[in-house]
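Enquirer: With the UniProt record's numbering, the residue at position 476 of the sequence shown is 476, and numbering never jumps.
All C-beta atoms, glycine included, are put in the ideal place defined by N, C-alpha and C.
Structure in structure tokens, see below.
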Amino acid sequence: MSTPNGFPQHSGACLTRSMEGGAVQDLHAKKAGKAAKKEAGDNGALLTFEDAPGVGTSLNETLKLLPGELKANMKIKSITPRPPRKPRLERAASLDEKSWRRWRRFRTSQESLTDPNETSSSNGSLQEASLSPPARARASPGYPCCQQNSLHSSLDASEASLLGKSRGSTSDLGKRASELSSAFGGLLRSKAFTGGKPRLSQIMPARPLPPMELPVASLPLRTANRIDSDCLDYQHYSQHKFGRVSSSLSDTRLHGNGMVCDNCSTDSMKSTFSLLTPIRSKDVRSRSYLEGSLLATGALLGAEELSRYFPDRNVGIFVATWNMQGQKELPVNLDDFLLPTDPDYAQDMYVIGVQEGCPDRREWEIRLQETLGPHYVLLYSAAHGVLYMSIFIRRDLIWFCSEVEYATVTTRIVSQIKTKGALGICFTFFGTSFLFITSHFTSGDSKVNERKLDYNKTIQALTLPKNVPDTNPYRSSSSDVTTRFDEVFWFGDFNFRLNKDRETVDSILNQNPETDVSRLLVYDQLTTEMSRGSIFKGFQEADIHFRPSYKFDIGKDSYDTTSKQRTPSYTDRVVFRSRYKDDIHAVKYSSCPGIRTSDHRPVFALFRVKVRPGRDNIPLAAGQFDRELYLIGIKRRITRELQKRQEQKDQKSSSICSIS
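Structure (structure tokens):
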């Protein structure tokens, strides 16, 4: 039950029943309220307790807690208290403003050191502006409240302080009421200082969010950061494969020092460290590029470097041969020739041999560079008359190649232009030696013996290697160049024909227009001679599933329709041999029917070749390649792309819609 003045009856209250003290307290509270209104008006925000329902309600609830006996003591005397001095009020307001600004700067400095979720901009503005430490302690960081709740928090703190001292004199009670009114004025002034901008409370979900099924590093992010998806357990792989535990930038120390703080950061670093591992200082000091051992730590051609670039120790090689028939005109596009769609990935090396090459050899090499693009460089090229050979290699693998050597053999001396003969190029890649030979043997349907002589002369007359040491001299023969290398690829226009008449061959091709050519191979001269061991001893050839590559009408898909009616034959071939069993695996063996500028179709083969670690005591190429050709080819490639875009743009702008 309340008294007429609105103060509740409070049992157990031990307040002094002095009439004068009650009147002073009542008038002090009223005067403090008027002063708060005046101060708020002076600051440009005419706010009263009626303007803020939450404030007025809280004040009434607080005043209801005063003792009930105060009513009777307020009837005897009417004392007009002296109002507080204005300078004191103005000084108090400025102090409140300074303290609020000082607290706000401190709060801002704390926000930069805390979790962003705990310092969201949706927190209540009055909660931040509250000067009472108990009110700030009441607020939960995870559940920020609105402005009204912040006011109640301040009032509750004031109530606790007021009731804790309510057992004192009436003068103490008056002081507490004045302090309570000043607190309300400070809160209202602080709202005016903030510019009066409303700040919404943080919206919390009604129920917990479901767990994420996918990792934080999404597919687009992984693609943007070039993350190696195959390297799942990178930390374990890097420690045990590369020995990076003791390196200065190991994964363990990165996590320990806080440099890597989430899964996304770790994934972003995988692609960098999986390709280029940190180099130990002691390896830089001790590595020798002139001497080395097969198992030496840090050897440039050793097992560690080989496993880093080729974990399975297999390298992809593209080998192609094409008789260009001396045509000046080159194909418009070489993509189908050099970059077949099957398989999906490009190879590590591209070796192209040409017989009866075009008059402008440099233009041919530029076209090859333009097609292969900036990922490949011309390691070496050589020519013997109209025999050309070009070897392209991936740009990041040139450091693991030895010096490149070549030699030539002429099989037709009477000819002024060397159209028949052989050209060989050799080098060592890591610890595996390679020999590539392109040849053009004697032509003619019945000249099988002459072609076998060309073969025998080539293996005896090619003087390779010269300076690069033999990787296994105990298995070499001075009479056969192919025995002095680990991996040998021989390709060219061997001119072996089909021992059958044209009509029979045409009937077989018409019955099996796709890939069943086994009936034709029964009549193949090269297959017969290799089975007898009279030529290409120790060599193998992949299974043939393509149509004969010779002889076509230029610009057409039909075989020879001239009066000579030459029999279609498999004249262009690719054979291989290895010192070690199962080192070479043929992946694809086919022709390119889309190139019709010659009477021959290009023939290519894809191989997977096993590579072994080597020693550093061989003469290295030191990253040498044809830089001038590289720049010209890349410029051509860019120009071609710009021309395509311009043509597409012109075609769109010049399109005309006709209305019938």
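Pair every Cβ in the region 621 to 641 with every Cβ in the region 368 to 384, then say whether three or more of these pairs are closer than 8 Å.
Expert: Segments in contact, yes.
Enquirer: Can you name the start and end residues of the beta strand (DSSP E) that F436 belongs to?
Expert: Run containing F436: 432 to 440, per the beta strand (DSSP E) assignment.
Enquirer: How is G594 classed by DSSP in three states: helix, strand or coil?
Expert: Correct three-state label for G594: coil.
Enquirer: Return the Cβ separation of P473 and C426 in integer angstroms, given the expectation that the two are a contact with Cβ distance under 8 Å.
Expert: P473 to C426, Cβ: 15 Å. No contact.
Enquirer: Would you identify the three-state DSSP class for R394, choosing helix, strand or coil?
Expert: The answer is strand: DSSP assigns R394 an E or B state.
Enquirer: How long is the line joining the alpha carbons of L306 and F430, rounded to whole angstroms?
Expert: The straight-line gap from Cα to Cα measures roughly 7 Å.
Enquirer: How big is the Cα-Cα spacing for N449 and A461?
Expert: The alpha-carbon atoms of N449 and A461 are separated by roughly 18 Å.
Enquirer: Beta-carbon within less than 6 Å of G538's beta-carbon, same chain only, minus the 5 sequence neighbours each way: which residues are those?
Expert: Within the same chain, G538 has close Cβ partners R577.
Enquirer: Does the beta carbon of I391 come closer than 8 Å to any beta carbon on chain B?
Expert: Protein chain content of the structure displayed is limited to a single chain, and chain B is not contained in it.
Enquirer: Could you tell me the alpha carbon to alpha carbon distance between F441 and T562, rounded to whole angstroms?
Expert: The straight-line gap from Cα to Cα measures roughly 24 Å.
Enquirer: Between the alpha carbons of S476 and V468, how many angstroms are there, rounded?
Expert: S476 and V468: Cα-Cα distance of roughly 14 Å.
Enquirer: Which one of D470, L642, D480, G444 has the shortest CA to CA distance from S569?
Expert: Cα-wise, what sits closest to S569 is G444.
Enquirer: Among Q525, F337, R102, which one has its Cα closest to the Cα of T597?
Expert: The shortest C-alpha separation from T597 is found at F337.
Enquirer: What would DSSP say about G633, mapped onto helix, strand or coil?
Expert: Looking at G633 - three-state DSSP - the assignment turns out to be helix.
Enquirer: Can you list, in chain order, the residues of its chain with a C-beta nearer than 7 Å to that of A605? Leave out the 5 residues immediately preceding and following it.
Expert: Taken in chain order, the residues that qualify are V319, A542, V574, A586, K588, Y589.
Enquirer: Taking R519 as the reference, which of G492, R547, S531, E363 has the closest Cα?
Expert: Comparing Cα-Cα distances from R519 to each of G492, R547, S531, E363, the minimum goes to R547.
Enquirer: Just mark M204 as buried or exposed, buried being the case when its beta carbon has 16 or more other beta carbons within 10 Å.
Expert: Burial call: exposed.
Enquirer: With R502 and Q565 assumed to form a contact (beta carbons below 8 Å), what rounded beta-carbon distance in angstroms separates them?
Expert: About 5 Å; that satisfies the 8 Å criterion.
Enquirer: Is the beta carbon of residue 667 sitting closer than 8 Å to the one on V377?
Expert: A query on residue 667 cannot be resolved here, the shown segment of the chain reaching from 1 to 660 and no further.
Enquirer: S478 by DSSP, collapsed to three states: which one?
Expert: Residue state, collapsed to three classes: coil.
Enquirer: List the DSSP bridge partners of R577.
Expert: V488, per the DSSP bridge assignment.
Enquirer: Nearest CA to the CA of D599: which residue from K457, V488, D553, K610?
Expert: For D599, the nearest C-alpha among the options comes from D553.
Enquirer: Restricting to Cα atoms, I'd like to know which of K418, V354, L300, G594 is closest to I398.
Expert: Of the listed residues, the one whose Cα sits closest to I398 is L300.
Enquirer: Reducing DSSP to helix, strand and coil, say where residue 661 ends up.
Expert: In the structure displayed, the chain extends from 1 to 660; residue 661 sits before or after that span and is not available.
Enquirer: For a quick check, are the C-beta atoms of I391 and M349 less than 8 Å apart?
Expert: Yes, they are a contact pair.
Enquirer: Do you know offhand how far R253's Cα is from F536's?
Expert: Note on R253: pLDDT 40, under 50, position unreliable in the model; the coordinate value appears next. Rounded to the nearest angstrom, the two C-alpha atoms are 58 Å apart.
Enquirer: Using a Cβ-Cβ cutoff of less than 6 Å, which residues in the same chain neighbour T272 once the five nearest sequence positions on both sides are dropped?
Expert: With a pLDDT of 39 at T272, under the threshold of 50, the modelled position of this residue cannot be trusted, and the question is left open.
Enquirer: Per the DSSP calculation, E405 is bridged to which residue(s)?
Expert: Partner(s): C426.
Enquirer: How long is the line joining the alpha carbons of R285 and D616, rounded to whole angstroms?
Expert: In a straight line, the C-alpha of R285 is about 15 Å away from that of D616.
Enquirer: Using CA atoms only, rank isn't needed, just tell me which of Y345, H384, G594 is closest to T438.
Expert: Comparing Cα-Cα distances from T438 to each of Y345, H384, G594, the minimum goes to H384.
Enquirer: Per DSSP, which residues does M530 bridge with? Please list them.
Expert: For M530, which the question treats as bridged, DSSP gives no partner whatsoever.
Enquirer: Which value, in whole angstroms, describes the spacing of the CA atoms of Q640 and P331?
Expert: Checking the displayed sequence, the identity of residue 640 turns out to be Arg instead of Gln. About 15 Å.
Enquirer: Measuring alpha carbon to alpha carbon, tell me which residue in T458, K581, E403 is nearest Q540.
Expert: Nearest option by C-alpha distance: K581.
Enquirer: Looking at the unbroken alpha helix (DSSP H) that takes in L606, where does it start and where does it end?
Expert: Not the alpha helix (DSSP H): L606 falls in the beta strand (DSSP E), residues 603 to 610.
Enquirer: Straight-line CA distance for I618 to S402?
Expert: Each residue's Cα considered, the two are about 7 Å apart.
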